[in-house]
Every structure is written in structure tokens, then in C-alpha cells.
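**Q** In the order they appear, the protein sequences are chains A and B. Position in the first sequence counted from 1, then plus 12, gives you the numbering used here. Position in the second sequence counted from 1, then plus 1, gives you the numbering used here. The beta carbon of each residue, even a glycine, is placed where N, CA and C say it ideally should be. Note that the coordinates shown come from a computational prediction; the quantities given were computed from them, not determined experimentally. Just passing along the structure, written as C-alpha cells.
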Amino acid sequence: MKGDLIRGHLDSLLLAALAIGPTHGYEVIGRMKHASGGELELAEGSVYPALHRLEQDGLLSSTAELTHGRRRRVYALTEAGQRALADRRVEWRRFSSMVSHMLMEAPA
Amino acid sequence: MSADGSPGMSAAADDSPDDPVEAYLDAVLTCSPGSPRQVRRTLAEVEAHLTDSAQALHDAGLSAAAARTEAVRRMGPPTGAVDRPWPAGGLRLPAPVRRRLLLAVLQLGGIAGLFLGLAGAFGAAIRAIWGTTAIATPFPSGSYSQADCRRWLAAYPASHDCTAAMTADHAADFLRNAAVAGLLGIVALAVRQLLKRRRRTVLAGALEPLVGAGLAALCAVGFAGAGFDAVTVTRGQGAGQPLALALAAGCAAVLLAGTARRSAGQPFWRRRPLAG
């Protein structure tokens with residue numbers, strides 16, 4: 013799946029990946045790739061500004077932790093992030109259903 | 002990754018000038034906007050990511066050099082890995098600080114409104130005891146029009162002359178305005194309570210009550226000065242307004258100072274822990 017299609021939904025995908033549990037940026041991307049069945053094509057560097065923005069908006073919190081001898085920044089969903097993810101799931105169901113309907117019902 | 006979980010050696014950092022990871026980090030550093038801390042944080046995250054990625058690719062069978070090149074390719078352009086600068090001309094505060102500011106404004110504004118309402122209650126008591134001239138200063142005749150006079154006398158038919166009607170009107174204005182301020186204060190505090198509950202945010206720290214206590218104390222001193230001035234210069238005429246305000250502001254200062262003292266030592270901001 014092309015990055016252009018992903019870009020508008022990156023924040024929601026990051027929130028969903030972190031709903032599994034707190035982790036660092038590299039693992040977040042790993043989770044997203046795994047969940048997409050390898051279909052996700054994403055400039056991996058673009059994840060970090062998005063994580064920082066979500067943290068600035070209060071949807072994520074982060075702590076510096078020492079993992080495997082390296083200092084890493086571990087991100088976690090805040091309560092506001094959990095609520096935002098629930099809202100985005102509802103919004104996505106409506107949106108995807110509408111787009112599916114419009115694309116599939118149109119004459120070929 | 003080596004067996005002990007530490008980063009393996011074969012795809013580890015290479016500080017040669019041609020190393021793609023080092024070149025990428027240089028580029029990230031060069032194009033990073035923001036504070037030194039933001040830049041350091043981004044660099045540390047990107048470097049850890051590239052190290053992990055190169056190691057995973059090397060473990061999957063690529064040579065160390067090819068793994069580092071591929072890790073960099075997957076990152077995308079360095080400009081995409083750095084935070085966007087804040088929009089020019091606009092200061093965007095972090096969301097928790099914005100919420101805290103909103104709650105602080107509602108809290109201090111609400112308390113100010115509430116105590117203005119209390120000043121109205123004190124003013125009503127002063128008017129009941131000493132009459133309307135204790136609240137409003139009678140203007141000298143000639144400083145108002147006949148039309149104003151007719152309007153005041155129509156509103157206060159029991160007044161024996163225009164000056165008495167005007168004074169009653171001005172005193173009633175003060176009490177009405179104070180009552181409205183009190184109601185607005187209650188509304189502001191109720192809105193704040195609702196927002197606080199909806200956001201499930203615990204406000205802590207002594208900052209707001211301390212600022213509020215300071216402002217209220219300043220108001221109390223200022224109004225008390227104006228009140229005593231009115232007592233000495235105009236023999237008490239109109240002194241009720243500033244004295245009522247001084248009394249209410251003094252009450253607010255004492256209450257807020259007590260709250261600040263109880264809150265001292267608590268952190269500026271904390272959230273309730275996540276359930277489960």
C-alpha cells in the first residue's frame with residue numbers, strides 16, 4: 013500500500029499500534045508492518061515527527077528507558093489517546109463503508 | 002542482535018565518512034528545527050532506529066554495508082524524519098499546558114466573579130444600613146440632564162428629589178452588576194468542573210491559587226485605599242462600593258492563600274493512572 017494512502021491515517025495507525033502496549037518507534041513500525049501483512053510501504057523516518065506531534069497533543073506520553081544496553085524513548089497511549097483511538101475507529105468504519113459503497117456500487 | 006540481546010557487532014556503527022547511517026544522521030542534524038533538546042531527542046531516536054533496522058537486515062542475510070544502506074533507504078528523506086517547525090507567527094503550546102491554562106482562567110475568573118457577587122451582597126447590606134449614598138456618590142446638580150432626571154424619578158418614584166433617585170439608580174447598578182458577575186463566576190466554575198471531569202485530569206500545584214491570592218490581595222488593598230479615601234474626603238459617600246469590594250477581595254485572598262498552602266509541594270500537572 014502506497015505511502016500517499018497511508019499519510020492521512022498515520023496518526024490513527026500509530027495509536028492503534030500503541031494500543032497493544034507501550035514501545036519504542038522501531039517496534040511501532042514493526043507492529044504496523046506485521047498488522048498490514050507486509051503491505052505497508054512507509055518512509056520509516058516519518059513516524060518520529062508523528063509520534064512527537066501526538067505526544068504534544070497529549071495523546072501519547074513517552075519515557076526514556078534503557079533497553080538492551082541502549083537508551084530508547086518508549087511511547088504509551090494516554091487516556092486521551094485511548095479515547096481518540098476509539099473515536100477514530102468509529103469514524104473510520106463510517107468513512108470506509110461510505111467509500112466502499114460509492115466505489116463498488118458505481119457501474120464498472 | 003546477539004544472543005545476549007545486545008546490539009550485534011557486524012552491522013554496528015561505522016564512523017567512516019562514507020557510512021550511509023552517519024551521513025543520514027548528519028543530514029537529520031542539519032535540517033532539524035527546534036530546541037537543542039528536541040534535536041538531540043530526534044537524533045537519538047533515529048540513530049537507535051537505524052541501528053536496529055540495519056541489524057535486523059543483516060540478520061536476515063544482507064552484508065553489513067548493504068544492511069546499513071537499506072536501513073537508510075527505508076527511513077526516507079532526512080527532512081521527513083524531523084519535527085515540523087512551529088508555524089511562523091503562532092505559538093502552539095502543548096495540549097496539557099493549553100488545557101491547564103484554560104482551566105486556570107476559568108478557575109481564577111470564576112472565583113473573581115463569585116467574590117464580586119459577594120461584594121454585591123456586602124454592598125446590599127451597607128445600603129440597607131447606611132442608605133444609597135453609602136454606595137453611590139450623589140453627583141452635584143447640573144452634572145446631569147433633565148431627561149436623565151425624569152428617567153431616574155420614574156424608576157424610583159419614592160425618591161424625594163432627582164439626586165436621591167440618581168443615587169438609588171447608581172447604587173442599584175452596582176448591585177445588579179455584582180450579581181451578574183457572581184452568576185457568571187458560578188457558570189465559569191461549573192464549566193471548569195465539567196471540563197475537569199471530562200478530561201479526567203487532576204489539577205495539582207499551588208500556582209493558580211497563589212496567583213489568585215496575590216491578585217485578590219492587591220485588589221483588596223487598592224479598594225480599601227479607595228474606600229478610606231471616600232470616607233475621609235466625601236464623608237463616606239460612595240465608600241460602600243470600594244469597601245464592599247475590598248472585603249470580598251480580602252476573603253478571596255485568604256481563601257486562595259489557604260488553598261495555595263495546602264497545594265504547596267504538589268507537582269504542576271499529573272494525570273490519573275490508566276485503569277488496568
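Here's the rule I'm using: 16 or more other beta-carbon atoms within 10 Å means buried, otherwise exposed. How should B:Asp53 be labelled?
**A** Translated into the one-based positions of the second sequence, residue 53 of chain B becomes position 52. By the 10 Å Cβ count, B:Asp53 comes out buried.
**Q** Output the boundary residues of the beta strand (DSSP E) element that contains A:Ala88.
**A** For the purposes of this step, residue 88 of chain A is identified with residue 76 of the first sequence, where counting begins at 1. 82 to 89 is the span of the beta strand (DSSP E), which, as asked, contains A:Ala88.
**Q** Contact defined as beta carbons within less than 8 Å: I believe B:Leu51 pairs with B:Val22. What is the distance between those atoms, to the nearest angstrom?
**A** Walking along the second sequence from the start, residue 51 of chain B turns up at place 50. Walking along the second sequence from the start, residue 22 of chain B turns up at place 21. With a Cβ gap of about 5 Å, B:Leu51 and B:Val22 count as contacting.
**Q** Applying a beta-carbon distance threshold of less than 9 Å, which residues of chain A neighbour B:Ser54?
**A** Reading the second sequence from its first residue, position 53 is the one you call residue 54 of chain B. Within 9 Å Cβ-Cβ: Tyr38, Ile41, Glu56.
**Q** Any beta carbon of chain B sitting closer than 8 Å to that of A:Tyr60?
**A** Within the first sequence, the letter at position 48 stands for residue 60 of chain A. Yes, because at least one Cβ of chain B sits closer than 8 Å to the Cβ of A:Tyr60.
**Q** DSSP state of A:Leu52, grouped into three classes?
**A** In the first sequence, the residue the question calls residue 52 of chain A occupies position 40. Coil, per DSSP.
**Q** Using CA coordinates, which residue listed in B:Arg262, B:Arg75, B:Gly111 is at the minimum distance from B:Gly189?
**A** For the purposes of this step, residue 189 of chain B is identified with residue 188 of the second sequence, where counting begins at 1. Checking the sequence shown, residue 189 of chain B turns out to be Ala, not Gly. Of B:Arg262, B:Arg75, B:Gly111, the residue nearest in Cα terms is B:Gly111.
**Q** Kindly indicate the opening and closing residues of the alpha helix (DSSP H) around B:Leu257.
**A** The residue labelled residue 257 of chain B in the question sits at position 256 within the second sequence. Its alpha helix (DSSP H) spans residues 241 to 264.
**Q** Taking buried to mean at least 16 other C-beta atoms within 10 Å of its own C-beta, is A:Ser58 buried or exposed?
**A** What you label residue 58 of chain A is simply residue 46 of the first sequence in a count that begins at 1. Classification of A:Ser58: buried, given that the 10 Å Cβ count is 16 or more.
**Q** Between the stretch 78 to 107 of chain A and chain B, which residues of the former have CB atoms less than 9 Å from a CB of the latter, in chain order?
**A** Thr79, His80, Gly81, Arg82, Arg83, Arg84, Arg85, Ala88, Leu89, Thr90, Glu91, Ala92, Gln94
**Q** Under three-state DSSP, which class holds B:Ser33?
**A** Here residue 33 of chain B corresponds to residue number 32 of the second sequence, with the count starting at 1. Note: B:Ser33 maps to coil in three-state DSSP.
**Q** Sort out for me which residues DSSP pairs A:Ala76 with in a bridge.
**A** Along the first sequence, one-based indexing puts residue 76 of chain A at 64. DSSP, once it has assigned bridges, lists A:Arg85 as partnering A:Ala76.
**Q** Say the cut is 7 Å; is the CB of B:His50 nearer than that to a heavy atom of the ligand GDP?
**A** As presented, the structure is devoid of all ligands, the ligand GDP included, so that no description of it is given.
**Q** Distance check for A:Met44 and B:Ala105, CA to CA, integer angstroms please.
**A** Locating residue 105 of chain B in the second sequence gives position 104, where the first residue counts as 1. Locating residue 44 of chain A in the first sequence gives position 32, where the first residue counts as 1. Rounded to whole angstroms, B:Ala105 to A:Met44 spans 39 Å at the Cα level.
**Q** What first and last residue would you give for the alpha helix (DSSP H) that runs through A:Ile41?
**A** Counted from its first residue, the first sequence places residue 41 of chain A at position 29. 37 to 47 is the span of the alpha helix (DSSP H), which, as asked, contains A:Ile41.
**Q** What does the alpha-carbon distance come out to for the pair B:Ala218 and B:Ala172?
**A** Locating residue 218 of chain B in the second sequence gives position 217, where the first residue counts as 1. Locating residue 172 of chain B in the second sequence gives position 171, where the first residue counts as 1. Their Cα atoms are separated by approximately 25 Å.
**Q** Please compile the residues from chain B whose C-beta is within a distance smaller than 7 Å of the C-beta of A:His64.
**A** Position 52 of the first sequence holds residue 64 of chain A. Here the neighbours are Asp84.
**Q** Would you mind stating whether B:Arg75 and B:Asp20 have Cβ atoms separated by less than 8 Å?
**A** As a first step, residue 75 of chain B must be located in the second sequence, where it is residue number 74. As a first step, residue 20 of chain B must be located in the second sequence, where it is residue number 19. Going by C-beta atoms, B:Arg75 is not nearer than 8 Å to B:Asp20.
**Q** Taking just the CA atoms, how far does B:Pro139 sit from B:Thr164?
**A** In the second sequence, counting from the first residue as 1, residue 164 of chain B sits at position 163. In the second sequence, counting from the first residue as 1, residue 139 of chain B sits at position 138. C-alpha separation (whole angstroms): 6 Å.
**Q** Just to confirm, is the Cβ distance from B:Phe229 to B:Leu246 under 8 Å?
**A** Taking the first residue of the second sequence as 1, we reach residue 229 of chain B at position 228. Taking the first residue of the second sequence as 1, we reach residue 246 of chain B at position 245. No.
**Q** Does any C-beta atom of chain A lie closer than 8 Å to the C-beta of B:Gly77?
**A** Taking the second sequence and counting its residues from 1, one reaches residue 77 of chain B at position 76. True, the Cβ-Cβ gap to chain A drops below 8 Å.
**Q** At least one CB of chain A closer than 8 Å to the CB of B:His50: is that the case?
**A** The residue you call residue 50 of chain B lines up with position 49 of the second sequence. With 8 Å as the cut-off, B:His50 counts as an interface residue toward chain A.
**Q** Let me make sure I understand the geometry here. Which of B:Ile130, B:Thr133, B:Leu103, B:Gln56 has the alpha-carbon closest to that of B:Leu195?
**A** As a first step, residue 195 of chain B must be located in the second sequence, where it is residue number 194. Checking every option, the nearest Cα to that of B:Leu195 belongs to B:Leu103.
**Q** For B:Ser160, which of B:Pro37, B:Thr133, B:Arg38, B:Asp84 has the nearest alpha-carbon?
**A** For this step, residue 160 of chain B is matched to residue 159 along the second sequence. Of the listed residues, the one whose Cα sits closest to B:Ser160 is B:Thr133.
**Q** So, under 8 Å CB-CB, B:Ala179 and B:Leu117 are touching, yes? Tell me the CB distance rounded to an integer number of Å.
**A** Locating residue 179 of chain B in the second sequence gives position 178, where the first residue counts as 1. Locating residue 117 of chain B in the second sequence gives position 116, where the first residue counts as 1. With a Cβ gap of about 5 Å, B:Ala179 and B:Leu117 count as contacting.
**Q** For the alpha helix (DSSP H) containing A:Asp23, list its first residue and its last residue.
**A** Taking the first sequence and counting its residues from 1, the one referred to as residue 23 of chain A is at position 11. Unbroken alpha helix (DSSP H) run through A:Asp23: 22 to 31.
**Q** Under three-state DSSP, which class holds A:Pro34?
**A** Within the first sequence, residue 34 of chain A is the residue found at index 22, counting from 1. A:Pro34 falls in the coil class under three-state DSSP.
**Q** What would DSSP say about A:Gln68, mapped onto helix, strand or coil?
**A** As a first step, residue 68 of chain A is located in the first sequence; it is residue number 56 there, counting from the start. Residue state, collapsed to three classes: helix.
**Q** Hey, does B:Ala89 have any beta-carbon neighbour from chain A nearer than 8 Å?
**A** Numbered from 1 along the second sequence, position 88 holds the residue referred to as residue 89 of chain B. Residue confidence for B:Ala89 is low, a pLDDT of 47 falling below 50, so the modelled location carries little weight and cannot support an answer.
**Q** Thinking C-beta only, is B:Tyr157 closer than 8 Å to B:Ala166?
**A** For the purposes of this step, residue 166 of chain B is identified with residue 165 of the second sequence, where counting begins at 1. For the purposes of this step, residue 157 of chain B is identified with residue 156 of the second sequence, where counting begins at 1. Their beta carbons are under 8 Å apart, which means B:Ala166 touches B:Tyr157 by this criterion.
**Q** Do A:Leu22 and A:Arg100 have their beta-carbon atoms positioned less than 8 Å apart in this structure?
**A** Position 88 of the first sequence, counted from the start, is the residue given in the question as residue 100 of chain A. Position 10 of the first sequence, counted from the start, is the residue given in the question as residue 22 of chain A. Contact flag unset, no.
**Q** Taking just the CA atoms, how far does A:Val40 sit from A:Thr79?
**A** Locating residue 79 of chain A in the first sequence gives position 67, counting from the first residue. Locating residue 40 of chain A in the first sequence gives position 28, counting from the first residue. Distance from the CA of A:Thr79 to the CA of A:Val40, rounded to the nearest whole angstrom, comes to 15 Å.
**Q** Starting from B:Gln147, trace the alpha helix (DSSP H) in both directions and tell me its first and last residue.
**A** Counting from 1 along the second sequence, the entry for residue 147 of chain B is found at position 146. B:Gln147 -> alpha helix (DSSP H) spans 147 to 156.
**Q** Determine the contact status of B:Gly114 and B:Gln242, defining contact as a CB-CB distance below 8 Å.
**A** Here residue 114 of chain B corresponds to residue number 113 of the second sequence, with the count starting at 1. Here residue 242 of chain B corresponds to residue number 241 of the second sequence, with the count starting at 1. For B:Gly114 and B:Gln242, no; Cβs fall outside 8 Å.
**Q** B:Val47 versus chain A: which residues are under 8 Å apart at the beta carbon?
**A** Translated into positions along the second sequence, residue 47 of chain B becomes position 46. Under the 8 Å cutoff, chain A gives Gly57, Tyr60.
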